[in-house]
Amino acid sequence: MSSAPVKLDFSSDEFLADPWPIYKELRRSDPVHWSAAFNAFLVTRFEDVQALLADREVGSGFPMRSSRRLFGRTLLDTDGPRHRDLRKLFMPLFAGASVKRLRTEILIPAVDQVLDSIEAEMGTGNEVDIEFMERVAVGVPYAMVTRLFGLPPEDAAWLRPRVLPLAGAIEFPATSLDSALAAKAELIDYLKGKLAERREGGRMPFLDLVFPPGEPLDESMLGTATLFLLAGTETSVATIGKIMYAVLAHDVDLSTLADQEYRTQVVRETLRWEPPSHTILRYATRDLNLHGVDVPRRSALLLSLGSASRDENAFEDPDSWRPERTDQRLLAFSSGPHTCLGIQLALAEFDTLFERLSHRFGGVRLSGSLDGVRPGFWRLRERGHIFRRPDHLHVRLERNRDA
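Position 91 (the sequence shown) corresponds to 105 in the working numbering; numbering is contiguous.
Shown next, in the form of structure tokens:
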């Protein structure tokens, strides 16, 4: 341990633009870094992060946590029997057989809706310029989640301005809770209206599971529904943007993504190299000692998924994007008892998008320079550091003349 701990300012331009050298120094000299600003211990090494995620005595539930105050007692911040019961409720929708069906019924139509609109802009030409983040990285997750919830696809544009304040509220530190609560109230009123209009035979896979037709509305689960609106969109926005960034930055031929094995490697390596969320919050339910640092019971722990995924003691040449690497252990979806329930659906979403993109278009290139579009922490209301993605990606797509 260093006698002079690393000075870390999450809000500095230096850190927001390029956190990797700072993470590396923390792993070397201050792997359990006390942050007075956040009143939390930042844990940066892969081995430690993985162990703490698996430790059932390091929990997620804490009454004063922003997400608890916003969404109620959800999968995000409950432990023990309550958490297991919620996972059991949702598992039928996110298990392998269901995801296979959802790929056909929801993911492919959602992706095709977005790509059809882009291809239509080509007209009789062979190229089209688009802003990839807005058109595809945002378009596909919101097209997917409206179908998963059984909502009108045209409502996606209304949903996003109300989902973004929810993302801000679970940032660290959180942005305005009041604006998030107001947005949540709008979303709940909207969902209650759609549930009241529910027609027999209509497809509302998520809402029918949580609010079975013919049964009284369980209002305590409405907060969970709004959480899933967030979980199903903004992390996917970040991931899709960074996969395309990696493809462009490393001169990957779009046609190579037609190969299933290589496409899977590209997705998984990008999730390691640039995970969509860099930290995850946990609480110590017992006294801990990590690398000589005493962590008292009830202390907050910020587990750095971003740093752990670039740990030189866990991965060879960790700062390089190498889809062919054989060790593709992932922390991007957490691990242990709180592993993301939607991991299989998310991976299917990314796979479906880039498979169909590679078939529909013959090539992609950046319209301009990569300078200034490197993934950076997305400042929600100028604060926060969890969500990380390119702000914009202006690209030119070429028609696939063999399709």
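Glycine included, every Cβ here is placed at the ideal spot set by N, Cα and C. Remember, predicted model here, so these are calculated numbers, not experimental data.
From L394 to I294, what distance separates their C-alpha atoms?
Because L394 carries a pLDDT of 37, less than 50, the predicted location of this residue cannot be relied on, and the following value inherits that uncertainty. Distance between the alpha carbons of L394 and I294 is about 17 Å.
According to DSSP, is F329 part of a helix, a strand, or is it coil?
In this structure, F329 counts as coil in the three-state DSSP scheme.
Should the segment 329-340 be regarded as contacting the segment 62-81, the criterion being three or more beta carbon pairs within less than 8 Å?
The segment 329-340 is not in contact with the segment 62-81.
Checking the sheet assignment: what are the DSSP bridge partners for F401?
S291, per the DSSP bridge assignment.
How long is the line joining the alpha carbons of A51 and S313, rounded to whole angstroms?
Going by the C-alpha atoms only, they are around 14 Å apart.
Going by DSSP, what residues sit across from E141 in a beta bridge?
E141 pairs with E412.
Out of F347, R217, G246 and Q127, state which residue places its alpha-carbon closest to the alpha-carbon of L178.
For the residues F347, R217, G246 and Q127, the minimum Cα distance to L178 belongs to G246.
What does the Cβ neighbour count give for M218, buried or exposed, with the cut at 16 atoms within 10 Å?
Flag for M218 reads buried.
Among L221, A196, L195 and L66, which has the Cα closest to the Cα of G207?
Checked all of L221, A196, L195 and L66; the closest Cα to G207 is L221.
Please classify W287: is it buried, with 16 or more other beta-carbons within 10 angstroms of its beta-carbon, or exposed?
So W287 ends up on the buried side.
Determine the burial state of R403: buried for a count of at least 16 other Cβ atoms within 10 Å of its Cβ, exposed for fewer.
That one is buried.
On a Cα-Cα basis, can you pick out the residue from G216, L345 and Q127 that is closest to P290?
It is L345.
List, from N- to C-terminal side, the alpha helix (DSSP H) runs of 4 residues or more that fit wholly inside the segment 58-105.
Those alpha helix (DSSP H) runs which fall completely within the segment 58-105 and span 4+ residues are 60-68 and 80-85.
When the distance is taken between beta carbons, is V251 closer than 8 Å to A239?
No, the pair does not count as a contact, with Cβ atoms beyond the cut-off.
With a threshold of 8 Å, are at least 3 pairs of Cβ atoms found where one atom belongs to the segment 300-316 and the other to the segment 353-367?
Too few Cβ pairs lie closer than 8 Å, so no.
Since W48 sits in a beta bridge, which residues does DSSP pair it with?
Answer is F55, bridged to W48.
Quick one: using the 10 Å Cβ neighbour count with 16 as the cut-off for buried, is L40 buried or exposed?
Label assigned to L40: buried.
Find out if the Cβ-Cβ distance for the pair S234, G86 is shorter than 8 Å.
Cβ distance < 8 Å, so S234 and G86 count as in contact.
Any idea if T118 is buried or exposed, counting beta-carbon neighbours within 10 angstroms, 16 or more meaning buried?
Answer is exposed; the Cβ neighbour count stays below 16.
Quick one: using the 10 Å Cβ neighbour count with 16 as the cut-off for buried, is M258 buried or exposed?
By the 10 Å Cβ count, M258 comes out buried.
Use the C-beta contact count for R370: other C-beta atoms within 10 angstroms, 16 or more gives buried, fewer gives exposed.
By the neighbour-count rule (16 or more Cβ atoms within 10 Å), R370 is buried.
For I122, collect the residues of the same chain with a Cβ closer than 7 Å to its Cβ; drop the 5 residues on either side in sequence, then sort them by chain order.
Excluding residues within five positions, the ones whose Cβ falls inside 7 Å are T366.
Do the CB positions of A157 and V128 come within less than 8 Å of each other?
Yes; because the gap between Cβ atoms is below 8 Å, this pair is in contact.
What is the DSSP secondary structure of E396, reduced to helix, strand or coil?
Bear in mind that a pLDDT of 32 at E396, under 50, signals an unreliable position, so the number given afterwards is only what the model happens to contain. Three-state DSSP puts E396 in coil, outside helix and strand.
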